[in-house]
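Colleague:
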C-alpha cells in the first residue's frame, strides 16, 4: 500500500518544528547553531528545500532577535511566563518570516498556530499567537519604524562594549552591517588561476586575491560541493578578512610554520599553498580529521598533531608561529548570528585568560628572531589589543612589527595607529563588508 505524500502545509509545519527546536538549542542550551543544525536527528527526514528553509529561518530569527523581541513586546500587554518559552519562540519564528523573509501572512500565521497546537499544554495560546502575528502582518512597517534596526538587534552588553570601543557612530555602522546576508569568499590554491575560477564561480577578485560572490547570486549552487572547482581542489571558502593575517607574513617558501589552534584549517591551507612547511596543532582530533580531509581534497600537505598547545613540548624552533586563538567570535556575526546570544562578558574574561596562556606558548615555540602572529575573529578589545599589550609587558623578548599600508593592499582603514590589523564588518561596505578580525605581528629577539 502506497503512502500518501505529505501536503505542503504538513511539510512546512514539520520544517518549522525543526526550526523551533533549533532555536531552543541555541538560546536555552547555548549550543552553536551550526553544530545543532548538523546533529539534529530530524533534518535528514526533510526535503532539501525544507532544510534550506530551516537554516534561513533560524538564521534570520537570530540575526534580528533583539528587534523581533521588542516588536513582539509592543503587541502584547505583558510578557509570556517562563513556562511558555516555546510559545515565545514560535512568535519569534513567525515574526521573522513576516518581517525579514517576506513569507505570505497566511502561511506564517497559520503554521505558527498549528505548531502551537502541537505543543503539550500550550494549545491555550493559539489565540494569542494568532492575534500577535496578525497584528505584525498588518502593521509591520509601523512597528519596524518604532524599533530602529541594527542596534536593537544586539544584546545590550555587546552594543555597550562596541560604543565604548569604537564610538557610537562606528558601532552603529557595525551593527547595521550585521543585518544583511554576507557574500561568499574563496581563497584559490594557485594564484595564477584566480581569473579562471572567478569567472567559473561568478565572483570578482578582491584586494589581495580573494574571490567574492554576491550573497544572492542566482547562479550560486545550494551545495558548495557542486560548485566548479570543488572536486578539483582549486579553492576553499574563507572570508576575505580571515585571509589577511597569513598574507602579512611575507615569503613563506621553505619556512617552518606552526599553526596553533589550526582547525578547521583555512590558514593551514593558505600556509601550505604558499610553500611553508606547516605543522597544524589543535586540541580536537575530530576537528583535525576535518582539516586533514580539506588538505587531501586540495592536494596540500601539513603535519597534523592533536595536543594542547600550552603543554606541547616540541622544540621552540619554528620560524613563525601563527596563533588564531579561540575567542568570542563576535567578528563573525554576519555569518554566525547565534554568537551574539551564546556569549556574555563572563565568557570574554575566561577567553582572555586562555589567550594569555596560548600567547605564552607561541612565544616559547618561536625561534629567536622568529615571528609570532596573533589573531582573533573578535571585535572585543579584551581579546585583541589588550592581549597584545599584556604580552609585550610579560615578554621582554617581544617587540611589535607594525604593518604597512602596502601589506594590507592599500586598505588604510584596517590599520590601527599601532600598526595592527583591525577589520570591521562595515569596512568595504560597498563591496559587501567583511568579518571583524584583529591581528598583531610580533618579533622575538635574537
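Numbering (the working numbering), first residue to last: 2 to 447.
We treat Cβ as the ideally placed atom computed from N, Cα and C, and that holds for glycine.
Please read all numbers here as calculations on a predicted model, not as lab measurements.
Since residue 120 sits in a beta bridge, which residues does DSSP pair it with?
Modeller: Your numbering for residue 120 matches position 119 in the chain shown. In DSSP, residue 120 forms no bridge with anything.
Colleague: From residue 326 to residue 359, what does the alpha carbon distance come to, in whole angstroms?
Modeller: Here residue 326 is taken as the residue at index 325 of the chain shown, counted from 1. Here residue 359 is taken as the residue at index 358 of the chain shown, counted from 1. Cα to Cα, the separation comes out at about 7 Å.
Colleague: In the DSSP assignment, what residue or residues form a beta bridge with residue 445?
Modeller: Counting from 1 along the chain shown, the entry for residue 445 is found at position 444. Answer is 399.
Colleague: May I ask which residues mark the beginning and end of the beta strand (DSSP E) holding residue 424?
Modeller: Residue 424 sits at position 423 when you count from the first residue of the chain shown. It spans 422 to 424 - the beta strand (DSSP E) in which residue 424 sits, taken as one unbroken run.
Colleague: Less than 8 Å between the CB atoms is what I'm expecting for residue 175 and residue 426, so what's the real figure, rounded?
Modeller: Sequence index remark: in the chain shown, residue 175 carries index 174 (1-based). Sequence index remark: in the chain shown, residue 426 carries index 425 (1-based). Contact holds; Cβ gap of about 5 Å.
Colleague: Assign residue 88 to buried or exposed, taking buried as 16 or more other Cβ atoms, counted over all protein chains shown, within 10 Å of its Cβ.
Modeller: Numbered from its first residue, the chain shown carries residue 88 at position 87. Label assigned to residue 88: buried.
Colleague: With a cut-off of 8 Å, do at least 3 Cβ pairs link the segment 391 to 411 to the segment 326 to 335?
Modeller: With a cut-off of 8 Å, the segment 326 to 335 and the segment 391 to 411 do not count as touching, because too few Cβ pairs lie within range.
Colleague: With 16 other CB atoms within 10 Å as the buried threshold, where does residue 165 fall?
Modeller: Start at 1 with the first residue of the chain shown, and residue 165 comes out as number 164. The residue in question, residue 165, is exposed, as its Cβ has fewer than 16 Cβ neighbours within 10 Å.
Colleague: First and last residue of the alpha helix (DSSP H) that includes residue 292?
Modeller: Reading the chain shown from its first residue, position 291 is the one you call residue 292. Note, residue 292: alpha helix (DSSP H), 286 to 299.
Colleague: Measure how close the beta-carbons of residue 196 and residue 205 come, nearest whole angstrom, since I'm counting them as under 8 Å.
Modeller: As a first step, residue 196 must be located in the chain shown, where it is residue number 195. As a first step, residue 205 must be located in the chain shown, where it is residue number 204. Not quite, the Cβ-Cβ distance comes to about 10 Å (not below 8 Å), so this is no contact.
Colleague: Excluding sequence positions up to five away, which residues of its chain have a Cβ less than 7 Å from the Cβ of residue 183?
Modeller: Counting from 1 along the chain shown, the entry for residue 183 is found at position 182. Contacts found: 216, 335, 336, 433, 434.
Colleague: Short of 6 Å in beta carbon distance, which residues of its chain neighbour residue 439, apart from the five on each side in sequence? Order them along the chain.
Modeller: For the purposes of this step, residue 439 is taken as residue 438 along the chain shown, with counting starting at 1. For residue 439, where only same-chain residues beyond five positions count, the Cβ hits under 6 Å are 377, 385, 423.
Colleague: Determine the contact status of residue 400 and residue 364, defining contact as a CB-CB distance below 8 Å.
Modeller: Position 399 of the chain shown, counted from the first residue, corresponds to residue 400. Position 363 of the chain shown, counted from the first residue, corresponds to residue 364. Not in contact: residue 400 and residue 364 (Cβ atoms no closer than 8 Å).
Colleague: Cα-Cα, which of 65, 15, 238, 428 is closest to residue 102?
Modeller: Numbered from 1 along the chain shown, position 101 holds the residue referred to as residue 102. Of the candidates 65, 15, 238, 428, the one whose C-alpha sits nearest the C-alpha of residue 102 is 65.
Colleague: Between which two residues does the beta strand (DSSP E) holding residue 375 run?
Modeller: Position 374 of the chain shown, counted from the first residue, corresponds to residue 375. Where residue 375 is concerned, the enclosing beta strand (DSSP E) stretches over 367 to 377.
Colleague: Measure the alpha-carbon distance for residue 436 versus residue 242 and round it to whole angstroms.
Modeller: Residue mapping note: residue 436 aligns to position 435 of the chain shown, counting from 1. Residue mapping note: residue 242 aligns to position 241 of the chain shown, counting from 1. Approximately 6 Å, taken between the alpha carbons.
Colleague: Which residue wins for smallest C-alpha separation from residue 261, given the options 275, 279, 231, 248?
Modeller: Mapped onto the chain shown, residue 261 falls at position 260. Ranking 275, 279, 231, 248 by Cα distance to residue 261 puts 279 first.
Colleague: Can you tell me whether DSSP reads residue 6 as helix, strand or coil?
Modeller: Residue 6 sits at position 5 when you count from the first residue of the chain shown. Caution applies to residue 6, whose pLDDT of 42 falls short of 50 and renders its modelled position unreliable; the model cannot decide the point.
Colleague: Hey, how far is the Cα of residue 210 from the Cα of residue 192?
Modeller: Here the question's residue 210 lines up with position 209 in the chain shown. Here the question's residue 192 lines up with position 191 in the chain shown. The straight-line gap from Cα to Cα measures roughly 7 Å.
Colleague: I'd like to know whether the C-beta atoms of residue 296 and residue 264 end up nearer to each other than 8 Å.
Modeller: Taking the first residue of the chain shown as 1, we reach residue 296 at position 295. Taking the first residue of the chain shown as 1, we reach residue 264 at position 263. Their beta carbons are not under 8 Å apart, which means residue 296 does not touch residue 264 by this criterion.
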